[in-house]
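Notes for the one structure printed next.
Residue numbers (the numbering used here): 556 to 672.
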């Protein structure tokens with residue numbers, strides 16, 4: 556299993572040759588396989604800001620990458636490539652909660668394995 560790795564994008568287990576090198580990871584390889592890397596680069600375009608008139612006032616909106624809703628920019632956290640994140644606050648928070656729960660489960664599992672030894 557040392558010469559194989561699971562892609563974080565497509566979840567398939569592939570040979571290490573199918574991953575680009577990355578010096579800062581423990582195994583020296585990127586988390587996404589080469590085909591998924593290419594796919595993410597072609598689909599990872601900037602989400603355009605759309606101006607919509609609401610009650611006679613023009614308000615900037617953008618489409619959320621996860622839920623697909625078109626929302627005002629106030630519904631997005633700042634700090635993305637164009638000043639705002641690509642996911643709305645609700646989707647971003649849901650993703651963060653899921654990541655936090657997974658991290659806690661992995662840490663708990665790791666601690667339990669140490670106790671069993």
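A virtual CB, placed ideally from N, CA and C, is assigned to each residue, including glycine.
Being a predicted model, the structure only gives us computed values, none of them experimental.
From the DSSP output, in three-state form, read off residue i for me.
i	result
residue 595	helix
residue 557	coil
residue 672	The pLDDT assigned to residue 672 is 49, lower than 50, so where the model puts this residue is not dependable, and the model offers no usable value.
Please report the Cβ distance between residue i and residue j, rounded to the nearest whole angstrom; I am assuming they are in contact, meaning their Cβ atoms lie under 8 Å.
i	j	result
residue 559	residue 574	Contact flag wrong, Cβ pair sits at about 10 Å.
With 7 Å set as the bound, which would you pick, yes or no: does the beta-carbon of residue i sit closer than that to a beta-carbon of chain C?
i	result
residue 560	Looking for chain C here will not work: only one protein chain is present.
For residue i, which option in the options has the closest C-alpha, if you only look at C-alpha atoms?
i	options	result
residue 602	624, 650, 611	624
residue 583	593, 591, 592, 572	572
residue 576	611, 630, 564, 592	592
Length at least 3, wholly inside the stretch 564 to 646: the beta strand (DSSP E) runs in chain order: Counting whole runs of 3 or more residues, the stretch 564 to 646 contains the beta strand (DSSP E) stretches 568 to 570, 574 to 576, 584 to 588, 604 to 609, 612 to 618, 625 to 627, 631 to 633, 639 to 643.
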